[in-house]
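Visitor:
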Amino acid sequence: MEVELPAARPVSYTLYEPRQGYLESNLELRIMPAQISDIEEFVRISERAEECRVKRLEDIVKLKLRTPSKLYTIKLNADQAAEVLKRVKCEVIET
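Each number in this note's numbering corresponds to the 1-based position in the sequence shown with 78 added.
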């Protein structure tokens with residue numbers, strides 16, 4: 079008995095033009111942001127980050143670290159975010 083299997087769907091990736099100074103090649107593969115739950119790890123990553131963007135919502139604060147290869151995020155309450163922002167070692171931008 080032969081069973082006909084459906085054709086496999088091809089995997090597709092979206093390619094974007096690189097930001098200035100990031101890659102030698104002319105294309106960059108965009109990767110999803112990583113959410114971090116450990117504050118100490120977030121502070122360690124801030125040492126190699128270019129900037130930290132702060133987005134204040136009603137009851138939480140989102141901190142976003144942009145490194146050359148990836149975006150890292152963490153969600154904290156306002157008190158914790160204030161303490162973390164004192165320890166971050168890159169430029170802080172309020173949005």
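Even for Gly, the Cβ is constructed at its ideal location relative to N, Cα and C. Being a predicted model, the structure only gives us computed values, none of them experimental.
Between Phe120, Met110 and Ser115, which has its C-alpha nearest leucine 163's C-alpha?
Guide: When each option's Cα is compared against that of leucine 163, the closest is Phe120.
Visitor: Whose C-alpha, out of Pro111, Ala160, Cys168 and Ile109, is nearest the C-alpha of isoleucine 138?
Guide: Measuring from the Cα of isoleucine 138, the nearest candidate turns out to be Ala160.
Visitor: How would you label valine 170, buried or exposed, when you count the other beta carbons within 10 angstroms and need 16 or more for buried?
Guide: Its Cβ having fewer than 16 others within 10 Å, valine 170 is exposed.
Visitor: When DSSP labels each residue in this structure, what does arginine 126 get in the three-state scheme?
Guide: If DSSP states are grouped into helix, strand and coil, arginine 126 belongs with coil.
Visitor: Please name the residue, chosen from Gln158, Tyr150, Glu82 and Thr173, that lies closest to alanine 127 on a Cα-to-Cα basis.
Guide: Comparing Cα positions, the closest option is Tyr150.
Visitor: Candidates Ile109, Ile114 and Gln158: which alpha carbon is nearest lysine 142's?
Guide: Of the listed residues, the one whose Cα sits closest to lysine 142 is Ile114.
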